Amino acid sequence: MTIETMQAATARRYGGPKVMAIEVLPRPEPGPGQVLVKVAAFGVTRGDARIRGLDVPRGMGPMVRAFFGWTRPRRPVPGREFSGAISALGPGVSGWSEGEPVLGITDGMTMGAGAEYCVVTASRMLARRPATLTEAEAAALPFGLMTAADFLIDQMALQPGERLLVNGGSGAVGLAALWLGAHLGAEATGIASPANHAAMQDAGAHRTADYARPLPPGPYDAILDVAGTLPYAKAAPLLAPNGRLGIVTADLAGQIGAGLRSKRGGHRLCAGVIKETPAALNRVQALHAQGYRPAVTTLPLAEIVEAHRLASSGHKRGNVVVTL
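First residue of the sequence shown: 3, per the numbering used here; consecutive thereafter.
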């Protein structure tokens with residue numbers, strides 16, 4: 003019996019971008035309810051880089067090690083967001099056809115998208131790729147916009163005419179949040195390095211500010227802290243009465259504190275796990291149809307180390323996507 007193989011990006015130990023390698027591995031086979039996807043592109047996110055390097059907010063290290071592997075990654079093929087085409091159907095799968103162009107997110111935290119093939123459950127985070135998206139854009143679509151929509155729409159209920167500040171406005175989540183804020187009718191201000199101000203303006207920012215200079219004065223009805231450098235003590239003076247602070251990145255104490263005591267000084271703190279549901283995936287597709295397009299930097303699989311270096315830099319613009 004011949005074993006089919008594939009090329010895959012792997013991390014066999016925790017560390018910097020140079021731990022990434024390219025290996026030939028057995029090709030997975032779809033089980034009941036699953037499909038095999040021939041991957042055309044996959045995202046390399048800040049989350050992927052944090053897991054690879056154990057570069058996680060304070061207090062999160064033991065939790066990450068317990069889930070992903072205490073001494074080394076137990077799932078050596080990273081990557082969650084992908085685009086490609088269905089290559090094979092597992093038993094019991096209906097409603098899908100071989101060759102259909104798709105995009106999606108791998109099941110739970112099983113990872114595995116960073117390879118020529120991956121398997122996913124057909125009824126979960128899998129959707130048909132719109133013809134209006136390139137394969138690289140399709141792989142980038144879910145990550146930033148799904149997070150931005152969860153915070154700005156579901157948790158913070160951003161309203162037309164409100165003032166929004168996005169701290170860390172040039173990455174995948176930040177640019178998506180600036181676009182979505184403007185799309186919802188808010189007046190958005192983005193904070194990032196000057197080299198990324200034009201990108202934030204293109205995304206929808208009314209104003210931009212340099213992260214290395216004093217914070218732009220408020221008041222703001224909503225602040226989205228993507229960078230993780232704006233705790234409530236610093237954000238409070240900038241918030242309007244009844245303002246909301248969205249905590250995208252925080253250490254363990256900050257996340258727990260926001261959950262236990264969400265109301266402070268007339269303000270509300272919003273934090274928590276982003277909902278990854280078929281409805282959330284459908285919503286980002288609908289927002290794309292309304293004009294959203296992710297900013298993408300593409301690299302070939304041979305440059306997987308550079309892709310992870312960019313994702314780890316803290317200064318990437320939009321999404322990093324690897325194409326196969």
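We put the beta carbon where it would ideally sit given N, CA and C, even for glycine.
None of these values were measured; they are calculated from a predicted model.
Query, Result
"Coarse secondary structure for Ser85, derived from DSSP in three states", "strand"
"Candidates Thr12, Glu164 and Ala242: closest to Arg266 by CA position", "Ala242"
"Three-way DSSP call (helix, strand, coil) for Tyr222 in this model", "strand"
"Gly170 (DSSP reduced to helix, strand or coil)", "coil"
"Unbroken stretches of the alpha helix (DSSP H), 4 residues or longer, contained in the segment 134-189", "137-151 and 174-185"
"Exposed unless 16 or more other CB atoms sit within 10 angstroms - verdict on Gln157", "buried"
"Closest by C-alpha distance to Leu301, when choosing among Thr231, Asp152, Pro219 and Ala141", "Ala141"
"In chain order, each beta strand (DSSP E) run of at least 3 residues that lies wholly inside the segment 75-131", "83-91, 103-107, 119-123 and 128-130"
"Opening and closing residue of the beta strand (DSSP E) in which Gly245 lies", "Leu241 to Ile249"
"Where the alpha helix (DSSP H) containing Glu308 begins and where it ends", "Ile306 to Ser314"
"Where Gly145 falls, given that 16 or more other Cβ within 10 Å makes a residue buried", "Going by the sequence as given, residue 145 is Phe instead of Gly. So Phe145 counts as buried."
"Beta-carbon contacts of Glu137 that lie in its chain and below 6 Å, excluding the five residues immediately before and after", "Ala42, Ala43 and Ser85"
"Cα-Cα separation between Leu303 and Asp50, rounded to whole angstroms", "15 Å"
"Bridge-paired residues (DSSP) for Thr325", "Ala43 and Pro302"
"Beta-carbon gap between Ala13 and Pro64 smaller than 8 Å", "no"
"Cα-Cα separation between Leu154 and Ala179, rounded to whole angstroms", "8 Å"
"When Pro218, Gly192 and Leu226 are compared against Ala207, the one with the closest alpha-carbon", "Gly192"
"Inter-residue spacing [alpha-carbon to alpha-carbon] between Ala124 and Pro162", "37 Å"
"C-alpha gap between Ile5 and Ala87, whole angstroms", "21 Å"
"Host alpha helix (DSSP H) of Ile53 (start-end)", "Arg48 to Gly55"
"Backbone CA spacing between Ala151 and Pro34 [nearest angstrom]", "32 Å"
"Inter-residue spacing [alpha-carbon to alpha-carbon] between Val168 and Gly17", "30 Å"
"Beta-carbon proximity list for Tyr234, same chain, < 7 Å, skipping 5 on both sides", "Leu247, Arg266 and Leu271"
"Residue burial classification, Asp204 (beta-carbon count within 10 angstroms, cutoff 16)", "exposed"
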